[in-house]
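With my numbering, letter number 213 in the sequence shown gets 1320, and the count goes up by one each step, no holes. No residue lacks a Cβ here, since even glycine has one placed at the ideal position from N, Cα and C. Since the model is a prediction, treat every value here as computed from it, not as a measurement.
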Amino acid sequence: MEKFIIKGKTKLTGEVSISGAKNAAIALLPAALLIDGVTTIENVPNISDVQICCKILKTLGAKVKWIESNTLRIDARDLDCTQAPLDMTSKFRASYYLLGALLGRCHKAEVGLPGGCNLGARPIDQHIKGFELLGASVDVTQGKIAAKVKKLVGTTIYFDVVSVGATINLILASVLAKRTTILTNVAKEPHIVDVANFLNSVGADIIGAGTDIIKINGVDKLVGNHTYSVVPDQIEAGTFMIAAAVSRGDILVKNCIPEHLDCLTAKLLEMGVSVDVYDDSIRVTCNKKLQASNVITLPYPGFPTDLQPQIGVALCLANGTSIISESIWDSRFQYTNELNKMGAQITVQGKTAVFEGVKGLTGAPIYSTDLRAAAALLIAAIVANGTSELYNIHYIDRGYEHIEDKFRALGANIERV
Ligand code: EPZ
């Protein structure tokens, strides 16, 4: 088992270039299965979730090849299987996108119940409800989901909760359906827009991605021979912005879309951090003590749950008392136990955490509990007094490309052993 050894007390300075978005890439790859042709996708982060996804696509008969370090070519002309291997699909969350993509292209799909980070209950009832409304029959038995349909027919689907996964999955299932599908109360995250842009670039007819209602006019076929570039990862960008603030450093976060980070920018300004916004980069500098603040996580454009653990590190070092209310996941405060081992004073009650600001953190052996918890603990270790050992770093490899190289280039002392 690999771990990071981090020598702390580092002020991070310099520039970092942001990779393509994990949560967009792992939706675009299954989306490529809808295309009866060859697609080239650039700016794909080479992370473990993407690697597993590539393996699954190959088992379904697609030809998948890295033609450059961040460019994938996917040829889905000879798709010959609709059963995704259960041992692989159970390893990552986004395997549920194979259901929408295979139903759309082949009218049947069998996929293991999706795995992914343990953030509490992660139901997929809204995905299933949507497929059924499009005419599919869906069975969930013995750890797998099997769906089939003669022909998907568009209809209006109202989601009971705002769900990133259900929104994307129903877009995937609807693009080749008969007639028009209207999705209401949808998620608006940048990766939803990215999936719609990608599919439109190969012939789909999707209108309204990024708003509360998405209309999909079914088309007969999606055509390949197209190159598309994945949107920059706003969560990775936000992670480095917070790292700059917490370490009282100075980081130019390059290759990002600043408007995707408006809520974090506003929060950092409120906490006394300097944030300069340029066309495709953001500079974050901090040379004074952070001020306490309250955070509530919400679907986009609210404060992202995927930056909640990272901002938690900032709040445990801020002047005064802060509160975080987590509104998306039941179990996203597991990282606070590890921060408390480092000297933080955090108390958690249900989906609320109270942070009493402390002067500093001290290095300790700490355990990642999920992807974003791992990123938060890495930031904490970088600024703590002394040395930390960070375990379970396979979590961080799921979603951050070259994370230790990027932090090292900013001055951090991290060794992977
Ligand atoms: C996506 O998860 C992301 N994962 C998560 O990223 C992210 O935390 C989450 O969206 C929220 O932004 C991927 O894109 C692969 P949801 P997803 O469906 O799609 C409830 C990370 O660290 N819900 O938007 O699984 C659900 O319980 C991660 O990168 C239902 O009740 O999340 C939750 O409370 C982890 N029924 C809320 O909706 C459903 O059918 C939002 O979940 C679906 C969801």
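So if DSSP puts residue i in a beta bridge, which residue, or which two residues, is it bridged to?
i       : result
Ser1429 : Phe1462
Asp1187 : BP columns for Asp1187 are empty, so no partner.
Asp1249 : A small fix is needed here, since residue 1249 is Gln in this sequence, not Asp. Looking at the DSSP assignment, Gln1249 forms no beta bridge with any residue, so it has no partner.
Gln1452 : Glu1463
Arg1390 : Leu1359, Asp1383
Ile1264 : Leu1290
Tyr1498 : Tyr1474
Arg1523 : Phe1111
Val1218 : Ile1252
Glu1508 : Glu1508 pairs with nothing; no bridge assigned.
Asn1401 : Ile1430
Arg1180 : Thr1147, Lys1172
Phe1410 : Thr1404
Thr1469 : Asn1492
Glu1445 : In the DSSP output, where bridge partners are listed per residue, Glu1445 has none listed.
Gly1318 : Residue 1318 is actually Thr in this sequence, not Gly. According to DSSP, Thr1318 bridges with Ala1316.
Ile1323 : Thr1288, Ile1313
Gly1127 : Pro1339
Regarding residue i and the ligand EPZ, is the C-beta to nearest heavy atom distance less than 8 Å?
i       : result
Ala1344 : no
His1298 : yes
Ala1311 : no
Leu1279 : no
His1509 : no
Gly1506 : yes
Lys1406 : The sequence given here places Pro at residue 1406; Lys does not occur at that position. Flag set: Cβ of Pro1406 near the ligand EPZ.
Lys1172 : no
Thr1459 : no
Ser1126 : no
Gly1419 : no
His1367 : no
Lys1129 : yes
Ile1264 : no
Gly1464 : no
His1234 : yes
Asp1413 : yes
Ala1208 : no
Ala1273 : yes
Val1268 : yes
Ala1483 : no
Leu1478 : yes
Ala1201 : yes
Ala1294 : yes
Ile1148 : no
Ala1134 : yes
Pro1230 : yes
Ile1349 : no
Ile1431 : no
Ile1435 : yes
How should residue i be labelled, buried or exposed, when 16 other C-beta atoms within 10 angstroms of its C-beta is the threshold for buried?
i       : result
Ser1281 : buried
Thr1334 : exposed
Arg1479 : buried
Gly1066 : Residue 1066 lies beyond the residue range present for the chain, which begins at 1108 and ends at 1524; the question has no answer from this structure.
Lys1295 : buried
Ser1308 : exposed
Asn1150 : buried
Asn1130 : buried
Gln1417 : buried
Val1330 : exposed
Asp1187 : exposed
Ile1435 : buried
Val1247 : exposed
Glu1366 : exposed
Gln1158 : exposed
Tyr1385 : exposed
Arg1505 : buried
Ala1425 : buried
Pro1221 : buried
### Task
Take every Cβ of the region 1377-1394, pair it with every Cβ of the region 1455-1464, and state whether three or more of those distances are shorter than 8 Å.
no
### the region 1465-1483 contacting the region 1434-1444, beta-carbon criterion three pairs below 8 Å
yes
### Task
Report yes or no: do three or more beta-carbon pairs, one from the region 1494-1501 and one from the region 1110-1129, lie closer than 8 Å?
yes
### Query
Hey, is the region 1312-1326 in contact with the region 1130-1138, meaning 3+ C-beta pairs nearer than 8 Å?
no
### Message
I want to know whether the region 1421-1429 touches the region 1299-1319 - three or more CB-CB distances under 8 Å.
### Response
no
### Query
Does the pairing of the region 1252-1259 with the region 1201-1219 give three or more beta-carbon distances under 8 Å?
yes
### Task
Could you tell me whether the region 1258-1269 touches the region 1191-1199, using the rule of 3 or more Cβ pairs below 8 Å?
no
### Query
Between the region 1234-1250 and the region 1154-1172, do three or more beta carbon pairs fall short of 8 Å?
no
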